[in-house]
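>
Protein chains in written order, with the UniProt record's numbering: chain A, 1 to 258; chain B, 1 to 258.
(1) Taking only beta carbons into account, state which residues of the stretch 64 to 94 of chain B come closer than 8 Å to chain A, listed in chain order.
(2) Can you round the beta-carbon distance between residue 141/A and residue 36/A to whole angstroms, since I take them to be within the 8 Å contact cut?
(3) May I ask you to check if the CB of residue 166/B is nearer than 7 Å to at least one heavy atom of the ligand GDP?
(4) Any beta-carbon of chain A closer than 8 Å to the one on residue 149/B?
(5) Nearest chain B C-beta to residue 261/A closer than 8 Å, yes or no?
(6) Which stretch, first to last residue, makes up the alpha helix (DSSP H) that contains residue 170/B?
(7) Does the stretch 74 to 84 of chain B come close enough to the stretch 73 to 84 of chain A that 3 or more CB-CB pairs lie under 8 Å?
(8) Determine, using beta-carbon pairs with one atom in the stretch 104 to 113 of chain A and one in the stretch 97 to 115 of chain B, whether at least three such pairs fall under 8 Å.
(9) So residue 96/B and residue 143/B are supposed to be a Cβ contact under 8 Å. How far apart are they, rounded?
(10) At what residues does the alpha helix (DSSP H) containing residue 137/A begin and finish?
(11) Compile a chain-ordered list of the residues in the stretch 149 to 172 of chain A whose CB is closer than 8 Å to at least one CB of chain B.
(12) Tell me which residue opens and which closes the beta strand (DSSP E) that residue 240/A is part of.
(13) What does residue 25/A touch in chain B if you count any residue whose Cβ is under 9 Å from its own?
(14) Excluding five sequence neighbours on each side, which residues of the same chain lie with their C-beta closer than 6 Å to the C-beta of residue 199/A?
(15) Which residues of chain A have a Cβ atom closer than 7 Å to the Cβ of residue 103/B, listed in chain order?
(16) If residue 132/B sits next to residue 235/B, beta carbons under 8 Å apart, how far is it from one beta carbon to the other, in whole angstroms?
(17) Would you check if there are 3 or more beta carbon pairs closer than 8 Å linking the stretch 169 to 188 of chain A to the stretch 238 to 255 of chain A?
(18) With residue 192/A as the anchor, note down where its beta strand (DSSP E) starts and where it stops.
(19) Taking one C-beta from the stretch 16 to 35 of chain B and one from the stretch 216 to 225 of chain A each time, how about it: are there three or more such pairs within less than 8 Å?
(20) The beta strand (DSSP E) spanning residue 142/A covers which residue range?
(21) Between the stretch 30 to 51 of chain B and chain A, which residues of the former have CB atoms less than 8 Å from a CB of the latter, in chain order?
(22) Are any of the Cβ atoms in chain B nearer than 8 Å to that of residue 134/A?
(23) Just how far apart, CA to CA, sit residue 209/A and residue 39/B?
(24) State buried or exposed for residue 55/B, treating a residue as buried only when at least 16 other CB atoms are found within 10 Å of its CB.
(25) On the criterion of 16 or more Cβ atoms from any shown chain inside 10 Å, does residue 247/A qualify as buried, or is it exposed?
(26) Using CA coordinates, which residue listed in 171/A, 119/A, 134/A and 173/A is at the minimum distance from residue 158/A?
(27) Rank 31/B, 27/B, 60/B and 103/B by C-alpha distance to the C-alpha of residue 2/B and give the top, closest one.
(28) Roughly how many whole angstroms lie between the Cα atoms of residue 213/B and residue 197/B?
(29) Have a look at 230/A, 52/A, 123/A and 135/A and flag the residue whose alpha-carbon is nearest the alpha-carbon of residue 33/A.
(30) Could you tell me which chain A residues have their CB closer than 7 Å to the CB of residue 257/B, listed as they occur along the chain?
(31) Can you find a C-beta in chain A that's less than 8 Å from the C-beta of residue 99/B?
(32) Considering only C-alpha positions, which residue in the set 102/A, 52/A and 4/A is nearest to residue 146/A?
(33) In or out: residue 8/B buried (at least 16 other Cβ within 10 Å) or exposed?
(34) Report the rounded CA-to-CA distance for residue 5/B versus residue 61/A, giving the unit in angstroms.
(35) Using 8 Å as the threshold, is the C-beta distance between residue 124/B and residue 166/B below it?
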C-alpha cells in the first residue's frame, strides 16, 4: 500500500507568521502524498469580538451560534485556509483548500441537544475518501479547515483533531496512513515538568502501563484515546511532537502504534 | 468539442437569501459541465465597516489595502463561497469552492502603481485550464470567488467579470465555452427606459451599429468590450440577462457572438 501523511497544525503555529512559514517549508519538503489539516486559533475569537459577536460558553465549553459559525467560516475557511494555500503554491505545492462541504468530503451530524445545546457543531458521520483521493490522484494537496457540512446546506464547526483522525481512518481504506499531530510539546512526556522526557514509542501495552502509572492524564487522555480509536480503525501510525518531527533529522517525538 | 457553461452571479443575487437559493436551484439543473463564478456584493463592505476597516476610494475607485484584502478573503473566499458550496451539495452538485490560489488556477500580476496605487488588486496573467479541467473531469463543479494570487504567496482582489471571461478564454482550449452573465436587467436594452426592449442577438456588425447609434453607452460599454475580447479569444457565445435565462424556457435575453 502506498503511504499517505496527514499533518495537523493548531493555533499556536497559525497565529505566528514566521512559525507558519517555517512549518509550511517543512511540510512542502515532506515526501509522498499528503494532506494538511489546520485549526483556527484565537484569530476567530479576536475577529468575533471586533464584530461584537460574544463568545458563549456553557460549562467551560464553547457554543457555536449562527453568528459564531459565520465568523468561523470567514476566518478558518477564508482568511487562514486561503493564505495557507497561497503560501503552499509559492512553495510549489499544488494545494486546494477545502471545508468538508467541498467535494462533499466530510459529512457530519449536528450534535444532538442533551444537557447542552452546542449549536452548529458537527460530529463526523462519513468521509468521502474516494472524493478526497480524486484530488490527490490529480496531483493536488488537500488543505482542510475544521468545518464540515450536514449535506443539507448547513456548515458545521468540527474539532480539527477529530477531522484529522476521521480523514485518516477514511484514507486508510486506500493508503498506509500516518498522522502527524504538531503541537507545543516535543511529544508525550514521562514527566510533564521535563520537556525532554519524551516517550518515543507507545503501543497498546505501554499505553495501559502509562494509564496505570497516571502518567497520561488531563488533556493528554482524550488525545490518546482518539489515537487508539484511529489505530483500531486502520490508521498505521500516529506521531505527536513539534513541527521538526517532519524533518526526520529529529527523532525526539512520540510514535504511537497498536 | 464538448460544451462548458460558465455562469457568473453578482452581489444582487448573493445578498438576497431567497434569490440565491432560487438561482442555485436553476444552476443545479443546468445540463452539462459547468463552472460558477460569484462576486461579493456589499457584504464585505458591511463587515469591513463593522471591523473598523474604512473603504478607501481614489477617483471613485476602491483601493484594496491589506486590511480590505483580509476582509475580502474572509467574506468572498470563506463566508459566501463555502455557503454556496454547501447549498450546491444539498442540490446534489459536487461543488468545490476555489480562489485562484487553489489548484494554482488563476495567477495575476499586482496592478502596477501609476497615477493610483490600487493596492492588492490583481490583473489576470494566466488561467491553468488543465488544472481546472482536472477538477471538472473528476466530476466536480468549480465555484470561483473573485480572488486570485501572484504565485509568490500573495492573494489579490480581482474583478469577478474579468475572472469569468479569463476562465472562459482558458477553458475554450478544451471546450465549446459559453458565458452566462446574470445581472439585474433582462439583457442589453434597445431603450434603457424599457426593460422589455431586449436586443436578443448582437454580433460584431450589430455591435458597431449599436455603438454608432449610441445605444451602448456608460456601464454597458466596458462589459461589451470585454465580451468581444473574450469572443475574439475563443469563447463561443456570451449571454446576458437575469437568472431565468438558465431555464431555456425564457428566451428573452441577449446572446452575443462574433
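We treat Cβ as the ideally placed atom computed from N, Cα and C, and that holds for glycine. Given the structure is predicted, the values throughout are model-derived calculations rather than measurements.
On the basis of the supplied data:
(1) 70, 73, 74, 75, 76, 77, 78, 79, 81, 82, 83, 85, 86, 87, 89, 90 and 94
(2) 7 Å
(3) Ligands in the displayed structure: none, and consequently the ligand GDP is not present.
(4) yes
(5) The shown model of chain A, from 1 to 258, leaves out residue 261/A, and the question about it has no answer.
(6) 160 to 171
(7) yes
(8) no
(9) 7 Å
(10) 129 to 137
(11) 149, 151, 152, 153, 154 and 155
(12) 237 to 241
(13) In chain order: nothing, as chain B lies at least about 12 Å away.
(14) 188, 190 and 254
(15) 94, 96 and 140
(16) 15 Å between Cβ atoms; not a contact.
(17) yes
(18) No beta strand (DSSP E) holds residue 192/A; DSSP gives it neither H nor E.
(19) no
(20) 141 to 145
(21) 47, 50 and 51
(22) yes
(23) 57 Å
(24) exposed
(25) exposed
(26) 119/A
(27) 31/B
(28) 15 Å
(29) 135/A
(30) By Cβ distance, chain A contributes nothing, its closest Cβ being about 33 Å from residue 257/B, past 7 Å.
(31) yes
(32) 102/A
(33) buried
(34) 46 Å
(35) yes
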